[in-house]
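Down below is the structure, laid out as structure tokens.
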């Protein structure tokens with residue numbers, strides 16, 4: 051099968067950046083016309099499905115013209131067995147333009163004692179990205195099993211980056227063109243029914259991202275790695291009014307940059323138990339308790355979180371009463387670690403205070 055698609059889109063963006071103390075201002079007007087010609091080809095060969103897309107973009111940025119092609123190729127294989135299985139391999143080539151607010155040449159100040167300023171980006175600055183993705187899906191509806199996995203790799207020889215310069219208490223962040231963006235992503239998800247009363251959900255997510263930016267006009271390479279593993283088992287008792295959810299989540303993050311040899315890591319462990327109740331369709335509620343551990347190179351915090359919601363409505367009544375609770379064991383304060391490493395190579399750890407609450411309500415049905 052062969053399809054031909056013709057499309058036109060128009061976008062107009064206007065913004066004004068003003069500075070109160072110096073009375074400086076900058077006005078940006080960007081009008082983008084996108085003429086798209088797209089050819090789609092699909093072909094089935096036995097158990098294989100082949101498809102390809104070629105997109106021709108003709109852009110006009112305020113009378114500046116740009117023409118480029120985007121390509122997408124996909125091969126899909128369907129295995130005939132008791133469980134339906136699908137394998138697919140996909141290649142994509144696409145382009146990305148800068149965000150409109152990153153094009154301002156005047157200083158855009160932030161509450162974090164820094165400002166952003168465009169140095170070399172133009173509306174027609176396009177980042178060319180190549181990506182390769184492998185998918186595997188398997189499901190058996192009769193047994194209640196579903197498995198999904200994806201492995202993706204993305205690479206760009208250039209990226210929209212920053213050049214950060216520190217002036218002591220203040221820092222400057224210049225929008226520039228970088229020269230590397232390397233990314234791997236792995237997702238594995240498995241849902242399966244255990245007997246007739248339980249459902250087990252498992253998920254693994256892993257990400258590694260390598261990019262280059264600049265600090266004080268010196269090239270800097272950053273490396274970010276993150277992994278998350280979680281499982282949850284839920285009950286589905288047919289003749290019992292109370293159900294439960296029991297699970298855990300483990301998260302580990304690593305950050306490293308070449309300049310100043312700075313690194314940081316954070317580990318989170320969460321164990322949760324939830325109860326869900328539906329008593330005679332009048333009392334409906336859920337309660338969730340979580341034991342939460344956060345660990346960084348500087349701090350370790352352990353907290354128990356408790357919250358939920360309970361509602362009551364008598365049959366044929368027009369009134370419904372409800373109570374909502376969140377983090378009720380920490381009504382005054384709650385310490386939470388937010389760890390990060392700035393582009394200046396400074397290891398920062400901030401502890402944010404959150405509060406719990408209890409609210410009640412009354413709902414009237416007309």
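Numbering (my numbering), first residue to last: 51 to 416.
No residue lacks a Cβ here, since even glycine has one placed at the ideal position from N, Cα and C.
Remember, it's a predicted structure, so these values are computed and weren't measured experimentally.
query: When DSSP labels each residue in this structure, what does residue 240 get in the three-state scheme?; result: strand
query: Rounded to a whole number of angstroms, what is the C-alpha to C-alpha distance between residue 91 and residue 129?; result: 22 Å
query: Let's test the definition: count the other Cβ atoms within 10 Å of the Cβ of residue 161 and tell me whether it reaches 16, buried, or not, exposed.; result: exposed
query: Taking only the alpha-carbon atoms, compute the straight-line gap between residue 80 and residue 63 and give it to the nearest angstrom.; result: 5 Å
query: On the DSSP letters alone, give me the boundaries of the beta strand (DSSP E) that residue 85 sits inside.; result: 75-95
query: Should the stretch 165-173 be regarded as contacting the stretch 202-209, the criterion being three or more beta carbon pairs within less than 8 Å?; result: no
query: Express the C-alpha separation of residue 252 and residue 340 in angstroms, rounding to a whole number.; result: 18 Å
query: Taking C-alpha atoms, which residue in 69, 248, 84 lies nearest to residue 57?; result: 84
query: Count the C-beta pairs between the stretch 177-195 and the stretch 152-166 that are closer than 8 Å, then say yes if the count reaches three, no if not.; result: no
query: Assuming residue 313 is part of the beta strand (DSSP E), what are its boundary residues?; result: 312-329
query: Roughly how many angstroms separate the alpha carbons of residue 147 and residue 175, rounded to a whole number?; result: 6 Å
query: Just how far apart, CA to CA, sit residue 144 and residue 364?; result: 57 Å
query: Among residues of its own chain, excluding the 5 on either side of residue 134, which ones have a beta-carbon nearer than 6 Å to its beta-carbon?; result: 189
query: Could you give the DSSP three-state label for residue 152: helix, strand or coil?; result: helix
query: Between which two residues does the beta strand (DSSP E) carrying residue 214 extend?; result: 209-216
query: Buried or exposed for residue 149, going by 16 or more other Cβ atoms inside 10 Å?; result: exposed
query: Quick test of the definition: if touching needs 3 or more C-beta pairs under 8 Å, does the stretch 298-305 touch the stretch 316-330?; result: yes
query: Below 8 Å between beta carbons: does that hold for residue 423 and residue 326?; result: Nothing about residue 423 can be reported from this structure: the residues present for the chain run from 51 to 416 only.
query: In the DSSP assignment, find the beta strand (DSSP E) that holds residue 142 and state where it starts and stops.; result: 134-146
query: Excluding sequence positions up to five away, which residues of its chain have a Cβ less than 8 Å from the Cβ of residue 60?; result: 81, 82, 83, 84
query: Quick check on residue 218: buried or exposed, where buried means 16 or more other Cβ atoms within 10 Å of its Cβ?; result: exposed
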